[in-house]
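Chemist:
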Amino acid sequence: MKVAKLGSGHPEIAVVAGVHGDEPCGVRAIERLLDDDPDVSRPVKLIVANEEALERRVRFLDEDLNRAFPGDPDADTHEGRLAAELAAELENCLTFSMHSTQSHAEPFAIVNGLGDRAREICPRLPITAIVDSGPFAAGRLFTAVETIEVECGLQGSETAAENADRLTRAFLTAVGALPGDTVRRDVPVFRLVDRLSKGHAENYEVFVENFTRVDAGEAFAAADGEARTAEEPFYPVLVSPYGYSDVFGYAARRVEVDLAEGTAESATVRD
Ligand SMILES: [Zn+2]
Numbered sequence: 000m001k002v003a004k005l006g007s008g009h010p011e012i013a014v015v016a017g018v019h020g021d022e023p024c025g026v027r028a029i030e031r032l033l034d035d036d037p038d039v040s041r042p043v044k045l046i047v048a049n050e051e052a053l054e055r056r057v058r059f060l061d062e063d064l065n066r067a068f069p070g071d072p073d074a075d076t077h078e079g080r081l082a083a084e085l086a087a088e089l090e091n092c093l094t095f096s097m098h099s100t101q102s103h104a105e106p107f108a109i110v111n112g113l114g115d116r117a118r119e120i121c122p123r124l125p126i127t128a129i130v131d132s133g134p135f136a137a138g139r140l141f142t143a144v145e146t147i148e149v150e151c152g153l154q155g156s157e158t159a160a161e162n163a164d165r166l167t168r169a170f171l172t173a174v175g176a177l178p179g180d181t182v183r184r185d186v187p188v189f190r191l192v193d194r195l196s197k198g199h200a201e202n203y204e205v206f207v208e209n210f211t212r213v214d215a216g217e218a219f220a221a222a223d224g225e226a227r228t229a230e231e232p233f234y235p236v237l238v239s240p241y242g243y244s245d246v247f248g249y250a251a252r253r254v255e256v257d258l259a260e261g262t263a264e265s266a267t268v269r270d
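Each residue of the sequence shown is one higher than the last, beginning at 0 in numbering that gives the first Met the number 0.
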């Protein structure tokens with residue numbers, strides 16, 4: 000794990016890259032920030048998490064780090080120990096953690112519930128959706144540390160690296176570390192409700208677009224040519240043929256959340 004800092008003093012905000020070793024976009028964003036060394040109004044901790052997995056260009060060595068929290072310093076796995084080390088390093092930091100995916104090119108945020116900070120910050124990021132992990136938070140970084148995760152784009156793409164850079168700067172601006180203003184957008188909110196499991200097969204296919212509604216009765220995927228059909232309507236999130244070993248991804252519902260700051264009254268006059 001590599002830890003660096005912008006500015007002086009004790010950081011209360013952190014940017015994390017490389018939780019997964021096959022997602023290099025965030026590492027490039029952090030390297031660029033360190034090269035630029037901008038003047039910050041508050042100190043920022045910068046962390047590259049799983050250097051061993053990044054070196055080997057694999058998601059993890061022993062287990063998925065983003066399912067290994069809170070971890071344990073004496074764990075049997077590399078990621079189990081790293082989870083404990085990373086959680087300790089991030090204690091009391093609002094954390095921004097960058098990922099990339101095989102499922103969807105447009106950036107989106109993933110949060111563990113829509114608390115005040117998620118509602119305040121997420122609409123100021125250049126994202127197209129907010130995903131609440133709902134019942135699928137177990138083991139993820141945001142169960143150990145207050146974290147906004149972002150999916151920056153397609154794994155290994157140049158666009159994902161550029162998006163990671165833009166997202167990081169928007170986050171640092173939204174929390175007052177970098178100067179300037181951020182634009183508040185109206186962003187749709189989705190909540191994960193189910194896993195779309197897949198049995199063992201040679202070939203997997205996905206027929207639907209992420210964040211686009213699937214109707215009841217619609218075939219959304221296939222395993223070795225055998226179609227999977229939606230029992231009820233849902234929105235696919237993080238769905239891809241080969242992104243995960245045991246699931247296609249997740250089924251989500253669209254939820255109405257008041258993303259405006261302040262009270263419900265002030266929200267009604269928001270433009
Ligand atoms: Zn990831």
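All residues carry an ideal CB built from backbone N, CA and C; glycine is no exception.
With H, G and I counted as helix, E and B as strand and the rest as coil, what does DSSP make of D185?
Modeler: Three-state DSSP puts D185 in coil, outside helix and strand.
Chemist: Measuring only the C-alpha atoms, how far is N57 from H19?
Modeler: Checking the sequence shown, residue 57 turns out to be Val, not Asn. Each residue's alpha carbon lies about 7 Å from the other.
Chemist: Take H199 as the anchor and find which of A221, L191, K44, E208 has the nearest alpha-carbon.
Modeler: Looking at the Cα atoms, A221 is the closest of the given residues.
Chemist: Is any heavy atom in ligand 1 found nearer than 7 Å to the beta carbon of H103?
Modeler: Not so, every heavy atom of ligand 1 lies at least 7 Å from the Cβ.
Chemist: How is D257 classed by DSSP in three states: helix, strand or coil?
Modeler: The answer is coil: DSSP assigns D257 none of H, G, I, E or B.
Chemist: Going by Cα to Cα distance, which pick from P125, I147, E119, L124 is closest to D131?
Modeler: Closest option to D131, Cα to Cα, is I147.
Chemist: Relative to the C-alpha of V238, which candidate in D214, E201, R80, K197 has its C-alpha closest?
Modeler: The shortest C-alpha separation from V238 is found at K197.
Chemist: Mind listing, in chain order, the residues whose beta carbon lies closer than 5 Å to a non-hydrogen atom of ligand 1?
Modeler: Output, sorted by chain position: H19, E22, H98.
Chemist: Can you tell me which of A48, S7, S244, A82 puts its alpha carbon nearest to the alpha carbon of R139?
Modeler: When only C-alpha atoms are compared, the closest one is A82.
Chemist: Starting from C24, follow the alpha helix (DSSP H) in both directions and report where the run begins and ends.
Modeler: It spans 24 to 35 - the alpha helix (DSSP H) in which C24 sits, taken as one unbroken run.
Chemist: Ends of the beta strand (DSSP E) at L45?
Modeler: Counting along the chain, the beta strand (DSSP E) containing L45 begins and ends at 43 to 47.
Chemist: Can you list, in chain order, the residues of its chain whose CB lies under 6 Å from that of A28, leaving out five sequence neighbours each side?
Modeler: Correct list, in chain order: A163, D164, T167.
Chemist: For C228, count neighbouring C-beta atoms within 10 Å of its own C-beta (all shown protein chains included) and say buried if the count is 16 or more, exposed if not.
Modeler: First, the residue type needs correcting, since residue 228 is Thr and not Cys in the sequence shown. When all chains shown are included, T228 counts as exposed.
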